[in-house]
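Read in order, the letters of the sequence shown are residues 75 to 813 in our numbering. Glycine included, each C-beta is placed from N, C-alpha and C at the ideal position. Note that this is a predicted model, so its numbers are computed, not measured. Shown next, in structure tokens, is the structure this report addresses.
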Amino acid sequence: MRRFFSVLFLLCYLFSFVAPAQEKTRPKIGVVLSGGGSKGFAHIGALKVMEEAGIPIDYIAGTSMGSIIGGLYAIGYNAAQLDSVIKMQDWTYLLSDNIHRSNMPWGQKENLAGYLISLPYKFGLREDSRKVQLPSGVIGGQNLYNLFQNLTIGYHDHTDFTRLPIPFGCVAADSRSGKEVDFLDGVLPQAMRASMAIPGVFSPVEMDSMLLIDGGIINNYPVDLVKKMGADVVIGVIIPHREERAIERRRGSMMEVMEEIGEFVGTAKRSENIKNTDVLIRPELFPYGGMEFQRPAIDSVIVRGEIAARKQWHALMELKDKLNITDNEPVHKISNPFIALDTLQISEIEIHGVDEIDEEKLLKQIKAKKTYTRRELDNMVAKFYGTGLFNSVYYQLDGVSPFKLKFHVVEKDLKTLNLGLRFDTRDRAAILANSKFRLNKRMNSVFEVTTRLSQNPYLQLDYSINRSMLYRRSLILKLSRNEVKVFDRGKLAYNLGFTRSSLDINFSEFYFYNIKLHLGVNMEYMHYFSELLSDPGFQNLGLQNKPYVNYFINAGYDDLDKSYFPTRGQYFSFQYTLSTDNFAQMDGGLPLQIANARFLKPIRMADRVVVIPQIAGRAIFNDSIPLIYKNFVGGNFNGHYVPQQIALPGSRGMEILKNMAVQTGVDVRLSITPNQFVQGNLNFTLHDDKLFKSPQVEYFFGGSIGYSYNTVAGPLTFEVGYSGRSKLVSSFASFGYYF
């Protein structure tokens, strides 16, 4: 035993000479990125300079926009890649819950009425359940969260953020407890989304018992967090809050309110965190505000972040020398194969948030494959969300390749009160109110109520059974009251007043996203309560109060990119109708046959110029034609007073044409800015009673020129037009989405 210990002691003694001395580790560097909305893009410019200076980053922490930039940097995006990612985004789209029209089924495209307000409500037998609720945020964050999902592929599972390629942390605030919430683990895109949930702008994130909002409320510059993570030295990029010139420019705005709250709540912590910063980079960003996401502003803000960091170049070099950092030490050389990976291997697909029956229905809409591109996944999410059945939809890739693809959906309660408002010089003010709710989940039956309050009001009740996202059956009851001025070559001829009660029975409604096909019957009763002739020389119309039964087939194709101011795609619609007054005949003769069609196609001729050729026509094959089914043209919108109405830019009002009418025209639109347009229209109309076989074909020209500004509340439009039929100049102005 004594010999054993002697040998052991000798070995330890010899090992102490040959074993290398333990290398002393350098102090750890932490980078902190503050919040600041779009001004936070300055962080990218600062990171570029740090990379150029050869500063290794051992920890990174941020709040709000700082958490987004920091989280992506932590998983492998370098400054150049972040610059590219930020600049290629459509921020107008991301900072909304809108869906591109190409990802909507036709039924949703038709229902884009432009509601300004959508308020959820509860209704039940208990008194406390009958109430309207204010939304928790203007923007739900659907599109932004799916961007985060796309950019963080490979990190969708619950993750320890301290084990990321660069250990990462971010800050949110719990609005229920008023406490700071530091994220050092969790689901990375969810943590980033919670950290930037600006109160009143973005909906908060519910997590466990917490309701999380923007961390800038409590700790907008989290130096204390990065030090808790292990940083010895701190380099910080802080977005100045109180630039007096900028405050004056944004006085009364949401961003001013946010900045003032942050200053009031987190002043002491902010001051302490600034004191604990070794190298402070403070970009000069006036006159840019925190909600300026236009490309020129983004470019300038990134450059200004770089300029501010270069002003600290000497301090960065001193820090590098002090910490004995050599140029051989790797600087952000992280291998993240998912950044460049576009095609993803999939093992199986699941849908969470619905019952088994609905999951089976949704899975049938998916073309199951073994591989998907990122764009295909984004489009699948958009198409689910575009059905209008869900409050949110996002995908998650579990495990390693081949991934398990999970779609997470939150079913929409459908109990919402939607309100729209519009003004124009012809109908004055109008209010649109709509609400829908699901009656039977298993049958997926939906009841919807819509009413327009205006000079020409209506009430519409819609009951539908939605067999899938692409097929439904429906009953639509509509009661409308109209007082319409009808002109004859520009001279007021009739003041008509009538009520229309109609019931549409749609036996089959097929939607294939861009394609629709309807087959059904329409029953309606016309009651004329007023027929005033403006001049005794005009012929009495001989109106009759009577019912009609119409059988119709309706087809169409629509892949326009926008409902207003489209720039690409095309639109086509066609309807064939057999109209009767006794289920089989019209006035004792053959049924009235009516065919109408419309086509338009935007063509981009230059960067700012779009030309839209279009043609519309309607043909009636019968000699006995009730007034209500004649060819009405005029006004600025198709089908506004009567369903068959063909809009005629430049006209003073509605006119009645002969049985066969065709209108061709071209719109030319010049973009002054992304939201300001100058547009002109030139149109040519001809009409006849015998399909243009008689020598009495009449024709006339018309046109208009105007200006439009696309606001968040809808287009503001001014137009001046001329019609060759009336030989008169007319004007028109409107504000708001059309309904």
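Through-space distance from residue j to residue i, alpha-carbon basis
i       : j       : result
Arg-672 : Phe-706 : 15 Å
Ile-321 : Val-375 : Legend: pLDDT at Ile-321 = 45, less than 50; position of this residue unreliable, value from coordinates given subsequently. Each residue's alpha carbon lies about 17 Å from the other.
Met-454 : Ile-440 : 8 Å
Leu-744 : Phe-367 : 23 Å
Ile-309 : Leu-451 : 38 Å
Asp-171 : Ser-345 : 37 Å
Lys-590 : Phe-235 : 48 Å
Gly-810 : Gly-304 : 55 Å
Pro-849 : Leu-495 : For residue 849 there is no data in the structure shown, the boundaries of the chain being 75 and 813.
Gln-386 : Val-786 : 41 Å
Glu-318 : Leu-169 : Only weak support is given to the placement of Glu-318: the predicted model assigns it a pLDDT of 40, under 50, and the value that follows is read from those uncertain coordinates. Approximately 27 Å between the Cα atoms of the pair.
Gly-798 : Phe-774 : 5 Å
Lys-301 : Pro-273 : 28 Å
Lys-122 : Glu-380 : 7 Å
Val-483 : Gly-616 : 57 Å
Residue i versus the options, residue with shortest Cα-Cα distance
i       : options                            : result
Leu-286 : Gln-264, Lys-302, Val-297          : Gln-264
Arg-53  : Asp-681, Ser-653, Leu-607          : One cannot answer for residue 53 here, as it falls past the ends of the chain, which runs 75 to 813.
Asp-632 : Asp-132, Gly-119, Ala-456, Arg-175 : Arg-175
Tyr-195 : Gly-788, Lys-486, Ile-677, Ala-414 : Lys-486
Phe-242 : Leu-506, Pro-717, Thr-747, Pro-296 : Pro-296
Val-405 : Arg-799, Asn-217, His-761, Ala-153 : Ala-153
Pro-817 : Ile-677, Asn-350, Leu-652          : A query on residue 817 cannot be resolved here, the shown segment of the chain reaching from 75 to 813 and no further.
Pro-717 : Tyr-645, Ala-382, Glu-598          : Glu-598
Lys-552 : Arg-384, Arg-574, Gly-564, Ala-371 : Arg-574
Val-683 : Asn-350, Pro-640, Asn-670, Leu-674 : Pro-640
Asn-350 : Ile-372, Arg-555, Ile-312, Val-307 : Val-307
Gly-795 : Leu-218, Lys-801, Tyr-783, Ile-779 : Ile-779
Arg-378 : Phe-758, Thr-400, Ile-355, Asn-670 : Ile-355
Helix, strand or coil at residue i [DSSP, three-state]
i       : result
Gln-264 : helix
Asn-628 : strand
Asn-508 : strand
Tyr-703 : helix
Asp-248 : strand
Pro-370 : helix
Met-124 : helix
His-565 : As written in the sequence, residue 565 is Lys, which differs from the His given in the question. Three-state result, Lys-565: strand.
Asn-518 : coil
Ser-345 : helix
Glu-403 : coil
Ile-118 : helix
Asp-498 : strand
Val-297 : helix
Ser-277 : coil
Ile-213 : strand
Glu-201 : Low local confidence applies: a pLDDT of 48 at Glu-201 is under 50, so the model's placement there is unreliable, and no value is given.
Val-558 : strand
Arg-324 : For Arg-324, the pLDDT reaches just 48, beneath the cut-off of 50, and the residue's location in the model is therefore unreliable, although a value from the coordinates is still provided. Arg-324 falls in the coil class under three-state DSSP.
Lys-443 : coil
Tyr-87  : For Tyr-87, the predicted structure reports a pLDDT of 47, less than 50, and the residue's modelled location is therefore unreliable. A value from the coordinates is still provided. Looking at Tyr-87 - three-state DSSP - the assignment turns out to be helix.
Ile-413 : coil
Ser-608 : coil
Glu-97  : Low per-residue confidence applies at Glu-97: pLDDT is 41, beneath 50, and the placement is therefore not dependable, though the value from the model is reported in the following sentence. Glu-97: coil per DSSP, three-state reduction.
Arg-319 : Reliability of the predicted coordinates at Arg-319 is poor, the pLDDT of 42 falling under 50, and no value is obtained from them.
Arg-546 : strand
Ile-131 : coil
Span of the beta strand (DSSP E) around residue i
i       : result
Gln-419 : 417-426
Ile-309 : 307-311
Ala-271 : From DSSP, Ala-271 is part of no beta strand (DSSP E); its letter is neither H nor E.
Val-742 : 734-747
Arg-672 : 666-674
Leu-190 : From DSSP, Leu-190 is part of no beta strand (DSSP E); its letter is neither H nor E.
Extent of the continuous alpha helix (DSSP H) run through residue i
i       : result
Lys-253 : No alpha helix (DSSP H) contains Lys-253, which is instead part of the beta strand (DSSP E) from 253-257.
Gly-144 : 139-148
Leu-393 : 387-396
Asp-157 : 153-161
Met-454 : 448-460
Residue-chain proximity (residue i, chain B), Cβ-Cβ < 8 Å
i       : result
Lys-435 : Among the chains of the structure shown, chain B does not appear; only one protein chain is present.
query = Are the region 728-736 and the region 684-697 in contact at 8 Å, needing three or more beta carbon pairs?
reply = yes
query = Are the region 142-149 and the region 416-430 touching, with three or more C-beta to C-beta distances below 8 Å?
reply = no
message = With three or more C-beta pairs closer than 8 Å as the rule, is the region 797-807 touching the region 709-729?
response = yes
ask   = Is there contact between the region 252-270 and the region 221-234, where contact requires at least three CB pairs shorter than 8 Å?
value = yes
query = So, do the region 224-236 and the region 406-422 have three or more beta carbon pairs nearer to each other than 8 Å?
reply = yes
query = Do the region 428-448 and the region 148-162 make contact, defined as three or more Cβ pairs closer than 8 Å?
reply = no
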